[in-house]
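In what follows, a structure is listed as structure tokens, so that the remarks can point back to it.
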Amino acid sequence: MHVIRLNNVGRKFHQFINADGLSEKESGLKRHVVKDGAFWALRNVYFNIEAAEIIGILGRNGSGKSTLLNIISGSLPLSEGEVVVKGKISALLTLGAGFQDEFTGRENIYLNASLLGMKKNEIDKYFSDIVEFSELGDFINAPLGSYSSGMKMRLGFSIAIHKEFDVLLTDEIIAVGDISFQKKCFERMTGFRRQGKSMVIATQDTALVERFCSRGILLEDGRIVSIGTPKEVVEQYEMILSKKKILSEGARSQMVSETKRWATDMHEWGKREGTREVIIKEVVIFNKNGRKTSKVKRKEKITIRVSFKSCEKVDDFHFGVALFREDGVYCYGPNSQFDGFATPRMAKGEGYFELEYDELLLMPGTYYFSAAIWDKNETFAYDYHKCNYCLEVMGEPVFGQLLNLSYRWEGPGLWPFPGKKCLPALDYLADKWGGHLNTSEASFTPLIFLNNYSCKNSIFITGKELKVKIDYKISESQEPFLKNLFLWVGIYRSDGIYCHGCVKKISSCGSNCEILAYPKLRLLPGGYRVSVGIWDANSAKFLAYSHGINSFNMISEKRDHGTVYLDHRWNWQVPKERED
Amino acid sequence: MLKGLFEHRSLIYQLAVRDLKIRYRKPILSFFWMLIIPISTAFIYKVLFSDFMRVSNGSYPFFIHLLTALLPWTYFASSLQTATLSILSSKNIINQISFPKYLLPVSVVAANLINFLPTLLVLSGFFVVFHIKIGWLIFLLPAVILIHTALITGLSFAVSALQVIHRDIEYVVQILLTALFFLTPGVYTLDQLTERASPLFVKIYMLNPLVGILNLYRVVFIGQYIGNMPEEINLINILVVPVLFSISALFMGYYIFHKLETKFSDYLNI
Numbered sequence: 279m280h281v282i283r284l285n286n287v288g289r290k291f292h293q294f295i296n297a298d299g300l301s302e303k304e305s306g307l308k309r310h311v312v313k314d315g316a317f318w319a320l321r322n323v324y325f326n327i328e329a330a331e332i333i334g335i336l337g338r339n340g341s342g343k344s345t346l347l348n349i350i351s352g353s354l355p356l357s358e359g360e361v362v363v364k365g366k367i368s369a370l371l372t373l374g375a376g377f378q379d380e381f382t383g384r385e386n387i388y389l390n391a392s393l394l395g396m397k398k399n400e401i402d403k404y405f406s407d408i409v410e411f412s413e414l415g416d417f418i419n420a421p422l423g424s425y426s427s428g429m430k431m432r433l434g435f436s437i438a439i440h441k442e443f444d445v446l447l448t449d450e451i452i453a454v455g456d457i458s459f460q461k462k463c464f465e466r467m468t469g470f471r472r473q474g475k476s477m478v479i480a481t482q483d484t485a486l487v488e489r490f491c492s493r494g495i496l497l498e499d500g501r502i503v504s505i506g507t508p509k510e511v512v513e514q515y516e517m518i519l520s521k522k523k524i525l526s527e528g529a530r531s532q533m534v535s536e537t538k539r540w541a542t543d544m545h546e547w548g549k550r551e552g553t554r555e556v557i558i559k560e561v562v563i564f565n566k567n568g569r570k571t572s573k574v575k576r577k578e579k580i581t582i583r584v585s586f587k588s589c590e591k592v593d594d595f596h597f598g599v600a601l602f603r604e605d606g607v608y609c610y611g612p613n614s615q616f617d618g619f620a621t622p623r624m625a626k627g628e629g630y631f632e633l634e635y636d637e638l639l640l641m642p643g644t645y646y647f648s649a650a651i652w653d654k655n656e657t658f659a660y661d662y663h664k665c666n667y668c669l670e671v672m673g674e675p676v677f678g679q680l681l682n683l684s685y686r687w688e689g690p691g692l693w694p695f696p697g698k699k700c701l702p703a704l705d706y707l708a709d710k711w712g713g714h715l716n717t718s719e720a721s722f723t724p725l726i727f728l729n730n731y732s733c734k735n736s737i738f739i740t741g742k743e744l745k746v747k748i749d750y751k752i753s754e755s756q757e758p759f760l761k762n763l764f765l766w767v768g769i770y771r772s773d774g775i776y777c778h779g780c781v782k783k784i785s786s787c788g789s790n791c792e793i794l795a796y797p798k799l800r801l802l803p804g805g806y807r808v809s810v811g812i813w814d815a816n817s818a819k820f821l822a823y824s825h826g827i828n829s830f831n832m833i834s835e836k837r838d839h840g841t842v843y844l845d846h847r848w849n850w851q852v853p854k855e856r857e858d
Numbered sequence: 068m069l070k071g072l073f074e075h076r077s078l079i080y081q082l083a084v085r086d087l088k089i090r091y092r093k094p095i096l097s098f099f100w101m102l103i104i105p106i107s108t109a110f111i112y113k114v115l116f117s118d119f120m121r122v123s124n125g126s127y128p129f130f131i132h133l134l135t136a137l138l139p140w141t142y143f144a145s146s147l148q149t150a151t152l153s154i155l156s157s158k159n160i161i162n163q164i165s166f167p168k169y170l171l172p173v174s175v176v177a178a179n180l181i182n183f184l185p186t187l188l189v190l191s192g193f194f195v196v197f198h199i200k201i202g203w204l205i206f207l208l209p210a211v212i213l214i215h216t217a218l219i220t221g222l223s224f225a226v227s228a229l230q231v232i233h234r235d236i237e238y239v240v241q242i243l244l245t246a247l248f249f250l251t252p253g254v255y256t257l258d259q260l261t262e263r264a265s266p267l268f269v270k271i272y273m274l275n276p277l278v279g280i281l282n283l284y285r286v287v288f289i290g291q292y293i294g295n296m297p298e299e300i301n302l303i304n305i306l307v308v309p310v311l312f313s314i315s316a317l318f319m320g321y322y323i324f325h326k327l328e329t330k331f332s333d334y335l336n337i
């Protein structure tokens with residue numbers, strides 16, 4: 279018998295154009311921003327709160343815990359879904375809301391308790407209990423302004439727990455007052471549990487969840503990542519936390535270091551397979567203006583929307599979209615499982631999912647993409663459209679490069695946009711690593727790779743900074759031809775795919791040092807090789823080069839397929855389950 | 068809604084008392100200010116309009132004429148002014164506690180009503196001082212107050228909700244209140260208006276529900292008023308218009324409030 283049922287609960291917050299006030303709230307929080315400028319703080323939340331059940335909600339700051347409690351308590355309206363309540367709720371979310379400093383403690387008890395929904399006679403009945411529990415004594419007749427902050431909190435807490443309730447919602451506020459008062463609060467909570475009351479506790483305290491709760495829920499990014507026994511959920515929460523730590527401390531034992539990089543079988547392109555419990559009905563690309571299109575500009579924001587229909591109830595599914603270049607090079611293939619979203623069960627009906635890329639970091643060319651709805655282990659797809667859809671990035675192709683990464687050359691000097699004039703004409707694919715040519719006119723010394731702390735390194739993390747330090751020498755005899763000379767750097771995948779290249783105009787003869795920086799190198803895990811050369815644009819040949827002798831590795835905290843990590847967001851709407 | 072109001076009467080009472088206590092706790096004369104202000108205003112207007120500008124009316128003192136207008140007017144104006152900001156100023160409560168939000172403007176009106184009733188007693192005191200008979204129609208006073216309060220409540224719903232979304236409403240309300248004040252027969256008499264204004268203007272003027280309500284207050288208070296009413300006053304503009312207006316304001320206001328209520332949490336924090 280459940281006391282509260284949450285059915286596909288979601289809460290959207292609107293962003294306003296003058297974002298002064300919002301920026302502090304937004305910054306650092308990855309949210310599901312949707313087209314109209316609103317973002318989902320909470321979405322697709324399903325669960326029941328049974329009678330006599332203690333639920334612990336874990337999640338990092340900003341994961342949506344407080345929003346969830348506010349929604350259950352009714353103080354925040356829903357944007358979608360429903361909350362069915364069969365019982366009285368008491369919420370210990372903010373203590374002493376509506377307290378007036380100029381009123382005495384006694385007056386505040388009446389005011390706050392009536393706001394919480396207590397009737398006059400109830401307040402009269404519990405008045406002395408409230409005063410006693412709060413340990414305020416004679417202070418109860420003094421104005422609230424003269425109280426210490428601890429006293430105010432104690433008073434607020436005492437009022438809230440004296441309301442009759444079936445479900446108590448608390449938000450990390452059991453730690454009120456000194457140790458002895460905390461002990462008293464905890465004892466009172468244990469008392470409630472003995473009386474068979476339900477409770478929902480949002481907290482960071484994993485020990486509390488393991489000891490006190492009967493069920494745990496883990497929230498991340500506004501979605502439920504897992505529901506289960508407190509132990510399981512705590513373990514998963516600690517994993518999420520430690521993942522973040524790995525990145526900051528540089529420990530790499532659990533990091534992914536290899537990535538799937540090619541289409542498995544290009545003969546199958548254009549085919550469909552799947553068990554057809556769920557059928558993909560339509561796949562559409564929207565550009566940044568929300569217009570349907572198949573041609574997009576470089577670095578444009580795009581949204582791929584896949585509408586589907588499910589013919590049966592389906593559990594444990596996930597969505598995937600994979601993007602390939604026309605020759606079969608795997609560009610990027612995120613799926614909702616890699617991204618750690620637990621997808622709710624889906625009932626019969628129609629729904630959609632969307633994958634939104636902030637910036638499509640691909641060079642002009644033709645690309646194909648697949649859309650799939652998979653089962654849990656990716657063994658049998660429900661429906662899988664293999665590269666049935668075409669996406670064209672408009673513009674002139676730039677000599678075989680795959681990616682349009684952002685980079686900068688440090689220090690002064692010109693760095694033209696790599697066009698035909700100054701960029702070496704190179705193939706899509708490089709072979710025979712290790713060639714190098716140092717002449718009397720120009721020569722290279724080995725490259726040095728630096729991480730974001732400017733430390734020499736050969737392993738880098740996806741999305742972090744990488745700097746390449748290039749030392750080279752040009753003899754004085756080249757002085758007259760200097761205007762035609764360019765320094766070129768190219769990054770290749772270890773299998774030879776030319777990922778990205780850029781050039782800088784050489785400004786002087788003699789010993790030179792240049793630093794090329796990728797502020798956020800979005801290459802996916804795997805090995806990469808770097809080639810450098812001095813390109814003479816006039817005679818279209820290299821004066822000197824070093825081809826793939828220097829290499830580095832990329833690693834990441836999370837599994838992905840393809841070559842480049844593209845910032846993306848998932849949104850979905852699955853057919854709702856209808857109960858009763 | 069009525070059921071809700073009854074159910075939450077103790078909360079409305081608490082909130083109203085909070086408003087009043089905040090207003091009158093600190094000043095030395097505390098509660099008396101709500102009597103002193105309208106009476107002194109009436110006195111100023113009397114000196115200005117009656118003694119200097121020789122505005123006059125025949126059958127009863129001009130001071131009483133002013134007071135019967137100013138007291139209901141103060142109730143109307145101060146309710147609307149405080150109600151406009153009532154949601155906005157309680158954002159800490161709204162975002163944190165779940166309770167029917169329409170109680171906030173209701174409690175503001177309730178506080179002003181509590182403020183208003185004793186002033187009517189003082190008004191009766193002046194009737195004794197000026198030797199004016201209070202008419203037998205005085206038993207209809209609760210009905211008049213009810214119509215008046217319904218109008219105020221409806222408007223309060225609308226402005227309090229709209230203010231959350233558009234913060235300009237506060238100033239619009241100010242201007243409208245000033246305009247309305249001079250569009251009701253407070254500092255002048257109806258006779259003077261009809262003498263000078265065009266007949267069409269007078270017709271439109273008489274459709275102002277506040278004119279009707281003001282006249283209703285005079286009808287129930289001043290014994291001889293009903294016999295000597297200006298001929299423009301008829302049953303329609305004194306009773307039907309205000310009642311219709313009040314009822315529709317109440318429903319429209321509640322409808323607007325209800326529609327905007329879900330957006331509050333988005334707009335309150337910006």
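Chain order of the listed sequences is F and E. When we follow the numbering used here, the leftmost residue of the first sequence carries the number 279, and every step to the right adds one. When we follow the numbering used here, the leftmost residue of the second sequence carries the number 68, and every step to the right adds one. All residues carry an ideal CB built from backbone N, CA and C; glycine is no exception. Fair warning: this is a prediction, and the values are worked out from it, not measured in the lab.
Could you work out which residues of chain F lie near residue 333 of chain E, taking near to mean beta carbons separated by less than 8 Å?
291 and 292
Within 7 Å of any Cβ in chain E, is that where the Cβ of residue 397 of chain F sits?
yes
Closer than 9 Å, Cβ to Cβ, to anything on chain E: give me those residues from the region 492 to 512 of chain F, in chain order.
none
My assumption, with CB atoms under 8 Å, is that residue 476 of chain F sits in contact with residue 329 of chain F. Please give the rounded CB distance.
6 Å
Between the Cα of residue 201 of chain E and the Cα atoms of E:98, E:131 and E:305, which residue gives the shortest distance?
E:131
Would you call the region 141 to 153 of chain E and the region 336 to 347 of chain F in contact, with 3 or more CB pairs under 8 Å?
At 8 Å Cβ cutoff, the stretches do not touch.
If you reduce the DSSP assignment to three classes, tell me which class residue 850 of chain F lands in.
strand
For residue 228 of chain E and residue 323 of chain E, which I take to be in contact (beta-carbon distance under 8 Å), what is that distance rounded to the nearest angstrom?
6 Å
Is it buried or exposed, residue 306 of chain F, if we count other Cβ atoms within 10 angstroms and call 16 or more buried?
Residue placement at residue 306 of chain F cannot be trusted, given a pLDDT of 40 that sits under 50; the coordinates are not used to answer.
Euclidean distance between Cα positions of residue 495 of chain F and residue 216 of chain E
Distance between the alpha carbons of residue 495 of chain F and residue 216 of chain E: 50 Å.
Residue 790 of chain F - containing beta strand (DSSP E), residue span:
788 to 796
Rounded to whole angstroms, what's the CA-CA distance from residue 17 of chain E to residue 390 of chain F? Just pull it up for me.
Residue 17 of chain E falls outside the range modelled here, since chain E spans only 68 to 337, and no answer is possible.
Thinking C-alpha only, which one of F:780, F:563, F:765 and F:824 is nearest residue 667 of chain F?
F:563
Name the residues in the region 73 to 85 of chain E whose C-beta lies less than 7 Å from a C-beta of chain F; which are they?
77, 78, 81 and 85
Cα-Cα separation between residue 616 of chain F and residue 634 of chain F, rounded to whole angstroms:
16 Å
Could you check whether the Cβ of residue 392 of chain F sits closer than 7 Å to any Cβ belonging to chain E?
yes
Report the three-state DSSP secondary structure of residue 307 of chain E (helix, strand or coil).
helix
According to DSSP, which residues form a beta bridge with residue 291 of chain F?
F:317
Compute the beta-carbon to beta-carbon distance between residue 367 of chain F and residue 350 of chain F, rounded to the nearest angstrom, for a pair I have assumed lies under 8 Å.
Contact holds; Cβ gap of about 7 Å.
Could you check which residue in F:829, F:713, F:646 and F:717 has the C-alpha nearest to that of residue 727 of chain F?
F:829
Could you work out which residues of chain F lie near residue 166 of chain E, taking near to mean beta carbons separated by less than 7 Å?
393 and 395
Determine which residues of the region 344 to 356 of chain F have a Cβ less than 7 Å from any Cβ of chain E, and write them out in chain order.
351, 352, 353, 354 and 355
Nearest chain E C-beta to residue 372 of chain F closer than 7 Å, yes or no?
yes
Is residue 745 of chain F buried or exposed, if buried means 16 or more other CB atoms sit within 10 Å of its CB?
buried
Can the beta-carbon of residue 147 of chain E be found closer than 7 Å to that of residue 222 of chain E?
yes
In the structure shown, what three-state DSSP assignment does residue 199 of chain E receive?
In the structure shown, residue 199 of chain E sits in coil (DSSP, three-state: anything other than H, G, I, E or B).
Kindly list the residues whose CB is nearer than 8 Å to the CB of residue 576 of chain F, restricted to its own chain and excluding five residues on each side of it in sequence; keep chain order.
638, 640, 641, 642, 671, 672, 673 and 682
Here's the rule: buried if 16 or more other CB atoms are within 10 angstroms of the residue's CB, otherwise exposed. What is residue 96 of chain E?
exposed
How far does the beta strand (DSSP E) with residue 648 of chain F in it reach, from first residue to last?
Membership of residue 648 of chain F in the beta strand (DSSP E) is indicated by the continuous run 643 to 652.
May I have a chain-ordered list of the beta strand (DSSP E) segments no shorter than 3 residues that lie completely inside the region 549 to 595 of chain F?
556 to 564 and 580 to 588
Determine, using beta carbons only, whether residue 232 of chain E comes closer than 7 Å to chain F.
Not an interface residue.
Buried or exposed for residue 596 of chain F, going by 16 or more other Cβ atoms inside 10 Å?
buried
What does the alpha-carbon distance come out to for the pair residue 626 of chain F and residue 618 of chain F?
One C-alpha to the other measures close to 24 Å.
My assumption, with CB atoms under 8 Å, is that residue 512 of chain F sits in contact with residue 481 of chain F. Please give the rounded CB distance.
The Cβ separation is near 11 Å, so there is no contact.
Pick out whichever of E:104, E:169, E:162 and E:219 has its Cα sitting closest to the Cα of residue 75 of chain E.
E:169
Measuring only between beta-carbons, confirm whether residue 220 of chain E sits less than 7 Å from chain F.
No, because no Cβ of chain F sits closer than 7 Å to the Cβ of residue 220 of chain E.
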